[in-house]
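J.: With the sequence shown counted from 1, adding 301 to any position gets you the numbering used here. From the three backbone atoms N, C-alpha and C, an ideal C-beta is built for every residue, glycine too. In this text the structure is predicted, and so the values were computed from the model without any measurement.
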Amino acid sequence: GTEAWGAFTPVDRRAALVRVEGVRRHEAPSVRVLLAPAWPHRDKAVEEIIRRGTELGVAGFHFWRAERSQRPTGGLDRWERCVVDSCKQCGRPAFPDVNAWDSLSALLDGVPGRVVAADLEETPSEVVVLGPAGPDLLLVVGPEGDFTEGERALLTEKGAARVSLGAQVLRLEVAAVTLATLALNGAGLLGTQFMAKRDA
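#1: My output table needs one value for ARG353: the three-state DSSP class, helix, strand or coil.
#2: Using a threshold of 7 Å, state whether the C-beta atoms of ARG353 and VAL478 are closer than that.
#3: Tell me which same chain residues have a C-beta within less than 6 Å of the C-beta of ARG463, skipping the five on either side of it?
#4: Could you give the uninterrupted runs of the beta strand (DSSP E) lying entirely in the segment 374-431, keeping only those of 3 residues or more?
#5: Does ARG343 come out as helix, strand or coil in the three-state DSSP assignment?
#6: Identify the residues that DSSP records as bridge partners of VAL442: which are they?
#7: Look at CYS383 and GLU356 and say whether their C-beta atoms are less than 7 Å apart.
#8: Compare the Cα-Cα distances from GLU322 to each of ALA316, LEU335, GLY307 and report the closest residue.
#9: Compute the beta-carbon to beta-carbon distance between LEU440 and LEU480, rounded to the nearest angstrom, for a pair I have assumed lies under 8 Å.
#10: Of all the options ALA497, ALA484, THR493, which has the alpha carbon lying nearest to the alpha carbon of ALA360?
#11: Is PRO394 close to the ligand PLP? I mean its beta-carbon at under 6 Å from any heavy atom of the ligand.
#12: Identify whether GLY361 lies in helix, strand or coil by the three-state DSSP scheme.
#13: Hey, could you find the ends of the beta strand (DSSP E) GLU322 is sitting in?
#14: Quick check on VAL470: does DSSP put it in helix, strand or coil?
#15: In this structure, how does DSSP classify THR449 when only helix, strand and coil are distinguished?
#16: Would you call the CB atoms of SER404 and ARG366 closer than 7 Å?
#17: Buried or exposed for VAL399, please, with buried defined as at least 16 other CB atoms from any protein chain shown within 10 angstroms of its CB.
This is the structure in structure tokens:
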């Protein structure tokens, strides 16, 4: 994304002139974090995921229809407007993409990258090491009710790393934002990195 600033001169109620005084180019991160939640049952949950993910720095949103999804989410035009509003609010110069997929299989075939899935059945003992560079990171979050056995088998077949978000059962939108926060911080893309102290 590119950021520019300058002197603002109103022309009328619908127009203005801006004399550009400076331009700054923001480099894209070396690894892109993509968030792929199942279609939520509530439109407000979709909006919450997009708004918070955009503010955090998620590079793209890939909603998918799970076997337990009751209905598809609203039109993409609405969510793209939500992206624009969120970028304005947080000062982000680049818009993340918003996409929708008919199934988990279509998502995994259509979006290349390393797959990490938040799974209620996973224990919190596994450590997933993320680096500042490498392939895109696709974060998959299951629907309300979690993944089916068929979806888990598909994730295993695709080599997904399955991770725990703790003992509490989180709402879909909370799980998605939590996973994105952990991944962005672990990849060095979100402020000071938090690391557990290991015993010698």
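T.: To lay it out plainly:
#1: Judged by DSSP in its simplified three-state form, ARG353 adopts helix.
#2: Contact flag set, yes.
#3: Excluding positions up to five away in sequence, the list reads ALA418, ASP420, GLU423.
#4: List check, beta strand (DSSP E) in window: 398-402, 415-419.
#5: Reduced to three states, the DSSP call for ARG343 is coil.
#6: PRO338, ALA419, per the DSSP bridge assignment.
#7: Remark: C-beta atoms of CYS383 and GLU356 do not approach each other more closely than 7 Å.
#8: Minimum Cα distance to GLU322 is reached at GLY307.
#9: That belief holds up - the Cβ atoms of LEU440 and LEU480 are roughly 5 Å apart, short of 8 Å.
#10: For the residues ALA497, ALA484, THR493, the minimum Cα distance to ALA360 belongs to ALA484.
#11: This structure does not include the ligand PLP; it has no bound ligands of any sort.
#12: When DSSP states are grouped into helix, strand and coil, GLY361 belongs to the strand group.
#13: Judged by DSSP secondary structure, GLU322 falls within the beta strand (DSSP E) whose first and last residues are 316-326.
#14: In the three-state reduction of the DSSP assignment, VAL470 falls in the coil class.
#15: Here THR449 sits in coil by DSSP.
#16: Contact flag set, yes.
#17: Taking every protein chain shown into account, the CB of VAL399 has 16 or more other CB atoms within 10 angstroms, so this residue is buried.
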